[in-house]
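With positions in the sequence shown counted from 1, the corresponding number in my numbering is that position plus 224.
First comes the structure, then the notes that go with it.
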Amino acid sequence: MAKKNTTDKKPTPELKPKFNINWIYGAIAILFLSSMLFKSSSFTSKNISNKEFETILQTNDVLKIVIVNKTQAQIILKKEAFQKAVYKDLTSSPFFNSANPVYQMQIGDLQNFENTLKDNKAKFSLDFDVTNDSQTDLFDTLLTFAPFIFLILIWLYFMRRMSGGGAGGPGGQIFSIGKSKAKLFDQNTKVKVSFKDVAGLEGAKEEVEEIVDFLKNPDKYTSLGGKIPKGALLV
């Protein structure tokens with residue numbers, strides 16, 4: 225007599241990861257911070273001394289000098305200058321961009337710095353431009369947006385609670401109107417909850433048990449003139 229194959233079981237369906245709206249918020253925050261970092265000169269520029277600056281300036285490799293907030297100088301080099309071996313450490317950086325400042329320094333007294341630039345330009349026949357700019361620090365920018373981000377997070381938290389994700393107090397189900405909490409099961413889903421696990425509502429359980437028994441053994445009821453129920457009112 226052949227033995228029954230007890231190992232022939234239906235494969236358990238794989239659970240697909242559920243979409244979470246927080247992923248979108250996290251991605252937006254990462255993109256925002258990344259763009260701020262890449263635009264920040266303090267993140268992509270190398271600090272140099274006055275002596276190092278004069279050495280670079282006299283090689284005529286400087287394309288533009290941007291004086292920021294009258295306290296800092298950002299140095300942008302010419303594209304052909306990066307072919308020199310002396311700038312190899314700059315071009316090997318993953319954040320390198322020839323259009324961005326690669327050096328920065330504190331200028332001290334603004335008038336003395338401008339005089340130094342003028343003297344070197346005339347003495348060595350240099351062809352660089354000088355512009356003035358005003359910028360805000362990355363940390364200051366984050367502090368400016370921090371209150372708005374905090375308020376948005378609080379608003380999202382309470383919206384999740386009011387939509388049924390949290391407490392169910394008064395008003396807790398305002399946004400749940402029209403949303404069905406029923407779970408969808410297929411023939412491969414194993415339901416481990418039985419009637420014995422449900423406490424109370426004996427009358428309702430009895431009605432449901434009769435419907436289940438009717439579906440399992442329809443001939444038992446149709447022979448007595450019974451018809452398949454269209455539903456049950458459980459109170």
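In this text, a Cβ means the ideal position worked out from N, Cα and C, and glycines have one as well.
{"Check": "Rounded C-alpha distance that separates Asn293 from Leu377", "Outcome": "34 Å"}
{"Check": "Lys275 versus Trp247, Ser317, Gln328, residue with shortest Cα-Cα distance", "Outcome": "Gln328"}
{"Check": "C-alpha gap between Tyr445 and Phe438, whole angstroms", "Outcome": "7 Å"}
{"Check": "Exposure label - Pro325; buried when at least 16 CB within 10 Å", "Outcome": "buried"}
{"Check": "Beta-carbon proximity of Asn356 to Ile289, cut-off 7 Å", "Outcome": "no"}
{"Check": "Host alpha helix (DSSP H) of Asn274 (start-end)", "Outcome": "274–282"}
{"Check": "Met225 classed as buried or exposed, judged by whether at least 16 other C-beta atoms fall within 10 angstroms", "Outcome": "The predicted position of Met225 is uncertain, since its pLDDT is 46 and thus under 50; no value can be drawn from it."}
{"Check": "C-alpha distance - Lys347 paired with Phe372, whole-angstrom precision", "Outcome": "52 Å"}
{"Check": "Nearest residue (CA-CA) to Asp285, options Phe352, Ile331, Phe320", "Outcome": "Phe352"}
{"Check": "Cβ-Cβ distance between Gln335 and Gln296 below 7 Å", "Outcome": "no"}
{"Check": "Pairwise C-alpha distance: Phe319 and Ile299", "Outcome": "16 Å"}
{"Check": "Candidates Phe337, Ser322, Glu278, of which the one nearest Glu304 by Cα", "Outcome": "Ser322"}
{"Check": "Beta carbon proximity, Gln307 to chain D, threshold 7 Å", "Outcome": "No chain D appears in this structure, which consists of one protein chain only."}
{"Check": "For Ala309 and Gln463, the rounded distance between their alpha carbons", "Outcome": "Lying before the first or after the last residue shown, residue 463 is absent from the chain, which here runs from 225 to 459."}
{"Check": "Secondary structure, alpha helix (DSSP H): runs of 4+ residues fully inside the segment 302–390", "Outcome": "312–315, 334–347, 362–384"}
{"Check": "Nonlocal neighbours in the same chain, by C-beta distance under 7 Å from Thr340, ignoring five residues either side", "Outcome": "none"}
{"Check": "Contact under 7 Å by Cβ, Leu287 with Leu301", "Outcome": "yes"}
{"Check": "For Phe399, three-class secondary structure by DSSP", "Outcome": "In this prediction, Phe399 has a pLDDT of 48, which is less than 50 and means its spatial position is unreliable; what the coordinates show is noted afterwards. Looking at Phe399 - three-state DSSP - the assignment turns out to be helix."}
{"Check": "Proximal residues to Gly390 (C-beta, below 6 Å), its chain only, five neighbours per side dropped", "Outcome": "Confidence is the limiting factor: at Gly390 the pLDDT is only 47, short of 50, which leaves the residue's position unreliable, though a coordinate-based value still follows. Hits under 6 Å: none found."}
{"Check": "Own chain residues within Cβ distance below 8 Å of Leu350, not counting five before or after", "Outcome": "Leu281, Gln282, Asn284, Val286, Asn344"}
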